[in-house]
Amino acid sequence: MNKNIAIISGEPRSINSEIIAKSWKLIKKNQKKNIFIIGNFVLLKKQLNILNIKIPIKKIKNINTKSSTKYLGVLDVPFKFKKPFEKKNKETSKYILKCFDIAHNLAVKNLIKGFINCSIDKKKTFGKKNMGVTEFLARKNKILGKEIMLIFNKRLSVVPLTTHIAIKNVAKKINFRFIKNKIYNLNTSYHSVFKKKPKIAVLGLNPHNGESRSNTEEKKIIIPVIKFLKKNKYKINGPFSSDTFFASNKNVKYDIILGMYHDQVLSPLKTLFEYDAINITLGLPFDRISPDH
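Take the sequence shown: its letters are residues 0 to 292, numbered as in numbering that gives the first Met the number 0.
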């Protein structure tokens, strides 16, 4: 089984170099040989010198000469810069996308188990396409709409049904088929990764679940989907009112809380656990993780 993990260095003008170096020091010695960086070697070296962080790094030409337990290997990606922490220039987005392309190609060829990406400026990297890394990778792998953003914590995990879209468009996006397919993919992907069928709690869309009004998304769409999935032996309940669910003990009975939109579930999770979580993209043919942020 391939255990190699790439770390995409991400935004050049950022704290990413510091995070990478401090994380390297915390990694267990026997795991260090499976980790390497995809990024510009000279930039990383100069940034670490400025920060006065001393870790052994070495430029590698390919993953066959990747990191050992003695040094952190850097698969070098060309990048033009004048100062180690200069403002974003025209080449930055090209550089970031090149790093992602390299990591993606290694992953789909099964030369690495997957990759972790450090933070990037999504707006400047992806332009006006209004997407994050989750959607970017979903498009590259032709699974857009099937991808799952799982924010994982050992005690409680959340999934937003819709990800990086405007609130005004959430209700337009939600329909029976969309929710059913998302939960189907979530159930399958979660079982593939964690070797168990998840217990899923579904939140409603409207305040107080629409207060049982007949013309709400809860009555017309969400409840029928849950009933359908229950009949098909899914471990699923809801919809629950999102204003109280995270404050109750009900949430501890579930592996995943599925919300209708991004901040409906991410804001409470970060209130409970701050940044003690990781972002896992389920549905890809490889592992992709980023730190919660």
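From the three backbone atoms N, C-alpha and C, an ideal C-beta is built for every residue, glycine too.
Euclidean distance between Cα positions of residue i and residue j
{"i": "THR91", "j": "LYS2", "result": "30 Å"}
{"i": "ILE111", "j": "THR243", "result": "42 Å"}
{"i": "ASN15", "j": "SER211", "result": "47 Å"}
{"i": "VAL201", "j": "PHE99", "result": "33 Å"}
{"i": "SER105", "j": "TYR94", "result": "The residue asked about is misnamed: residue 105 is Leu in this sequence, not Ser. Each residue's alpha carbon lies about 17 Å from the other."}
{"i": "PRO83", "j": "LEU155", "result": "39 Å"}
{"i": "ILE7", "j": "ILE235", "result": "36 Å"}
{"i": "LYS57", "j": "GLU134", "result": "32 Å"}
{"i": "SER240", "j": "ILE199", "result": "14 Å"}
{"i": "MET148", "j": "ASN140", "result": "15 Å"}
{"i": "ILE59", "j": "LYS44", "result": "14 Å"}
{"i": "ILE26", "j": "LYS32", "result": "10 Å"}
{"i": "VAL251", "j": "PRO77", "result": "47 Å"}
{"i": "TYR233", "j": "LYS181", "result": "13 Å"}
{"i": "LEU96", "j": "LYS127", "result": "15 Å"}
{"i": "ILE62", "j": "ILE225", "result": "46 Å"}
{"i": "LYS153", "j": "PHE245", "result": "16 Å"}
{"i": "ILE115", "j": "ASN109", "result": "15 Å"}
{"i": "ILE231", "j": "ILE49", "result": "A small fix is needed here, since residue 231 is Asn in this sequence, not Ile. Cα-Cα distance, rounded: 58 Å."}
{"i": "SER247", "j": "VAL107", "result": "42 Å"}
Cβ shell of residue i (< 6 Å), same chain only, five flanking positions each side left out
{"i": "HIS190", "result": "LYS196"}
{"i": "TRP23", "result": "ILE54 and LEU71"}
{"i": "ASN168", "result": "none"}
{"i": "LYS145", "result": "ASN184 and GLY282"}
Sub-8 Å separation of residue i and residue j beta-carbons
{"i": "VAL192", "j": "ILE255", "result": "no"}
{"i": "ARG12", "j": "LYS87", "result": "yes"}
{"i": "ASP291", "j": "TYR274", "result": "yes"}
{"i": "LEU281", "j": "LEU185", "result": "yes"}
{"i": "LEU228", "j": "LYS179", "result": "yes"}
{"i": "LEU271", "j": "ILE150", "result": "no"}
Rounded Cβ spacing between residue i and residue j (contact assumed at less than 8 Å)
{"i": "LEU283", "j": "ALA276", "result": "Contact doesn't hold; Cβ gap of about 19 Å is too wide."}
{"i": "PRO238", "j": "PHE175", "result": "Actually they are not in contact, since the Cβ atoms of PRO238 and PHE175 sit about 14 Å apart, beyond 8 Å."}
{"i": "ILE173", "j": "ILE220", "result": "6 Å"}
Proximity test, residue i beta-carbon vs the ligand ATP heavy atom, cut-off 7 Å
{"i": "ILE256", "result": "The model depicted lacks the ligand ATP and carries no ligand whatsoever."}
Own chain residues within Cβ distance below 7 Å of residue i, not counting five before or after
{"i": "MET130", "result": "HIS163"}
{"i": "ALA20", "result": "LEU47, ILE52 and ILE54"}
{"i": "ALA170", "result": "LEU204 and GLU216"}
{"i": "PHE125", "result": "PHE135"}
{"i": "SER188", "result": "ILE147, LEU281 and GLY282"}
{"i": "LYS194", "result": "none"}
{"i": "LEU42", "result": "PRO11, PHE78, PHE80 and PRO83"}
{"i": "TYR253", "result": "LYS198, ILE199 and ALA200"}
{"i": "GLU85", "result": "ARG12"}
Sequence-distant residues of the same chain with beta carbon closer than 8 Å to residue i, five excluded per side
{"i": "THR68", "result": "LYS28, ASN29, LYS31 and LYS32"}
{"i": "CYS117", "result": "ILE6, ILE7, SER8, GLY9, GLU10, SER13, ASN15, ILE18, ILE19, SER289 and PRO290"}
{"i": "GLY209", "result": "GLY203, THR215, GLU216, GLU217 and LYS218"}
{"i": "ILE166", "result": "TYR260"}
{"i": "ALA102", "result": "ALA5, ILE7, ILE37, ILE111, PHE114 and ASN116"}
Segment contact flag, the region 35-47 with the region 67-74, C-beta cutoff 8 Å, min 3 pairs: Flag = yes, the region 35-47 and the region 67-74 touch.
contact_flag[the region 256-265, the region 158-173] where n(CB pairs < 8 Å) is 3 or more: They touch, by the three-pair rule.
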